[in-house]
Structure formats: C-alpha cells, structure tokens
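Have a look at the structure below, then the notes.
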Amino acid sequence: MTDFITNSSPINLIIVGVFVLLVIFIVVKTIKELTLKVGSNTLSFSSKKTQNDIVKVVTDYADFKYKIKDEQAEGINDLHEQAKRVVAVQLDQYIRRLTSDYISKLRETDSSNTNITINVFSLMVQLLYNKMYKFCMDIYEKNHLKDKTDLELKELADMDYIRLSDIFREFMRVNWFDELGDYESLHKVCLSEEHFVKELVLQILTSFRDLSRQKYELINTINDIDCRVREKVQSTGSLPINAISILSDLYIPGTGLNMNSVENWLNITK
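Per our numbering, the very first residue in the sequence shown carries number 4; after that it's consecutive.
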C-alpha cells in the first residue's frame, strides 16, 4: 500500500480517493435506509439492523398481516351466516302461517281432493320460499342499511313488502292450476296477513342494519390495528409482543368483536 502511494502520481491518488469516498457513500446510504415491501405496505428500517433481523421482522409482519385478514374474512362470513339465519327464521314463520291459513280455507270446502291439493300447495310454497329468500339476501349483500334511521327502515320495509308481493303474485300466476283450488281464496289469505308480513320484513331489515354496522366496525377495527402495528414495526423494528396470539379471539362467532381483545390491542400498540 505504501509503495502504491509512493509510486502513484497525485492525479492517480486523487482519482482513487474519489472512488473510495464514492463507495463508502453508497454503502452508508444503502445500510442507513433499507426498504422492504410486504404486499402493498412498506416497512423501513434504520441502520444497525442486520439483514437477518430485517428478514425476520418482515416475515413476522407478513404472518401477522395474513392472520388478521383471515380473521376479518371469518368475521364477515360469520355475519353473512347470521343474516341467512335471520331470513330463514322470518320466512319460515311466514310460510307456515300462509300454508296453515290456506289449508284451513281448503278444508272448509269439503273437497275430496283436499289432501292432494295440500301436498301440491306445500311443494309450491317451498319453491316460492327460495325466491323470497334470494330476494332478502340480495338486500343484505347490497350493504346499504347501516346508516338508516328507524323511520327510513320502516319506509324501506313497506317498499320491500310490495316487491315481495310482486314476487308472490308472479310466481302464483305462472304456477297456479285449477286443482289447487280457488286462487281468490289464497289472495284473501295474503291480504289478511299484510300487517304481519310488513312487520316481518321490518324485523329482517333491522337485523340487517345491525349486522352491517358490525361488519363496518370489524373492518375499521382490523384496519386500525394493522396501521398501528405497521407503525410500531417501523418505529421499533420488531412486531409487538403477543401481536399474533391476541388475534385468536379478536372476533367471536355469533357475538362479534371481542372488546377485551381490542382493548389489549390498543394497549400493546400505544
């Protein structure tokens, strides 16, 4: 090295010096700010973190990200299943009541074919049930009820009752035949149940509103936790303690967000 310095011209020494400084600058700059991406999120780490440390943090965060999104998906699916149960319970009431009332009307006629008519009508009503069920679940999946007032829900229930009545009439128009008896008798039965059905639709919409609010609360809470954890990782260079284990009971099926678990999250991400 001494010989190189002694035998080199001043110009060569200047060139070598500039080159060395440039290399040092690049190395320092690279180490100082190493940025790694996980999905659409960016994690930045200051110098002093070895590559193994950085890989571990990124891997831990990716695992956390996957599990918290999986928890969100499970929660949303559970709320959807609850909506299905709400519709099934309410429509079952309606179908049973409609069938019972119409069968009572049929028995008053003393027709020799009453039993056959009852069986055929019961099958038809099950097909009608499927159409009404789909109509109700379409309302839930539009996800537009969370901010509705009680008055707005009542107005929507009245409109949806009319739409359900249209579905009923169209179905019966296509499928009705003389052996089923007098359609006018069924029509009178339906009119007598108007108030009951409107209340039933209102109960469905009210439940949907509650489930929609839970869905938005779940999504917002998950996003808030994710943001807090990402900020914590960026500032400390490590995943908060128990970050993943707390996820196991963040959402309780059939109940909703576990507020104790959410509170724990708020504490560990302060």
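Just so it is clear, CB atoms sit at the ideal spot from N, CA and C, and this is done for glycine as well.
Rounded C-alpha distance that separates residue i from residue j
i	j	result
V265	N226	12 Å
F171	Q75	37 Å
K191	E158	24 Å
P243	D81	28 Å
Q54	T239	16 Å
V60	K68	12 Å
C139	Y254	26 Å
I71	D181	58 Å
Y164	N261	36 Å
S215	K145	10 Å
R233	Y64	8 Å
H198	Q237	59 Å
N122	D252	48 Å
K151	R212	7 Å
Y132	L94	7 Å
Residue span of the alpha helix (DSSP H) that contains residue i, given as start and end
i	result
F199	E197 to T239
D169	D153 to N178
E111	Neither: E111 is in no alpha helix (DSSP H) and is coded neither H nor E.
Buried or exposed by the 16-neighbour rule on C-beta atoms within 10 Å, applied to residue i
i	result
C230	exposed
Q129	exposed
G257	exposed
K218	buried
V200	buried
L194	exposed
T62	exposed
A91	exposed
S125	exposed
Beta-bridge pairing of residue i - partner residues as DSSP gives them
i	result
I119	Paired residue(s): none; I119 is not in a bridge.
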